[in-house]
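> Numbered per the numbering used here, the sequence shown spans residues 1 to 117.
Beta carbons are placed, not taken as given, at the ideal position from N, Cα and C, and that holds for glycine.
Remember, it's a predicted structure, so these values are computed and weren't measured experimentally.
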Amino acid sequence: MAEVTYYAGTGRRKTAVAQVRLMPGTGNITVNGKPMTEYFPTTMLQARVVAPLEAAGALGRYDVVVKVTGGGIHGQAGAVSHGIGRALVAADENLRQVLRKNGYLTRDPREKERKKP
1 MAEVTYYAGT
11 GRRKTAVAQV
21 RLMPGTGNIT
31 VNGKPMTEYF
41 PTTMLQARVV
51 APLEAAGALG
61 RYDVVVKVTG
71 GGIHGQAGAV
81 SHGIGRALVA
91 ADENLRQVLR
101 KNGYLTRDPR
111 EKERKKP
């Protein structure tokens, strides 16, 4: 059986958690078993997901498989973006500086504030 090589990254945003796998390929992005364009219907969300790949110049070089849970659609898009950034650094350490400068490796610490009595 052939050994599958992939690079993993975990991204988080609000309560959403995304487990990302990057594999050498043609640029297909699959989120929870669906194509990215179907899972994230708006162009704004799609742009947020592919932004780390564009910044790294890796768009079309990797197939991306994502499992994302929790949160809403915007939080999930942010978590996927964060996870892709981390996986790209696992694939190529030289991309760290570019991705850090553009903010794709920084976890957004903002969370929902509790309801006051």
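Hey, would you say Leu-95 sits closer than 7 Å to Leu-88, going by beta carbons?
Counted from its first residue, the sequence shown places residue 95 at position 95. Counted from its first residue, the sequence shown places residue 88 at position 88. Yes, Cβ-Cβ distance for Leu-95 and Leu-88 is below 7 Å.
> Rounded to a whole number of angstroms, what is the C-alpha to C-alpha distance between Thr-30 and Ala-16?
Position 30 of the sequence shown holds residue 30. Position 16 of the sequence shown holds residue 16. Answer to the nearest angstrom: the Cα atoms are 17 Å apart.
> Short check: CB of Asp-63 to CB of Gly-25, under 7 Å?
For this step, residue 63 is matched to residue 63 along the sequence shown. For this step, residue 25 is matched to residue 25 along the sequence shown. For Asp-63 and Gly-25, yes; Cβs fall inside 7 Å.
> Have a look at the DSSP bridge pairing and note the partners of Met-23.
Position 23 of the sequence shown, counting from 1, holds the residue named residue 23. Answer is Asp-63.
> Is Thr-43 helix, strand or coil by DSSP?
Residue 43 sits at position 43 when you count from the first residue of the sequence shown. DSSP places Thr-43 in helix when its eight states are reduced to three.
> Alpha carbon to alpha carbon, what distance is there between Pro-117 and Ala-56?
As a first step, residue 56 is located in the sequence shown; it is residue number 56 there, counting from the start. As a first step, residue 117 is located in the sequence shown; it is residue number 117 there, counting from the start. One C-alpha to the other measures close to 46 Å.
> State the beta-bridge partners of Val-17 as determined by DSSP.
As a working mapping, residue 17 is identified with position 17 in the sequence shown. Val-17 is bridged to Arg-12, Thr-69.
> Have a look at Ile-84, Thr-69, Val-50, Thr-37 and flag the residue whose alpha-carbon is nearest the alpha-carbon of Tyr-6.
For the purposes of this step, residue 6 is taken as the residue at position 6 of the sequence shown. The residue with the shortest Cα to Cα distance from Tyr-6 is Ile-84.
> Could you tell me if Ala-77 is buried or exposed, where buried requires 16 or more neighbouring beta carbons within 10 angstroms of its beta carbon?
For the purposes of this step, residue 77 is taken as the residue at position 77 of the sequence shown. Classification for Ala-77: buried.
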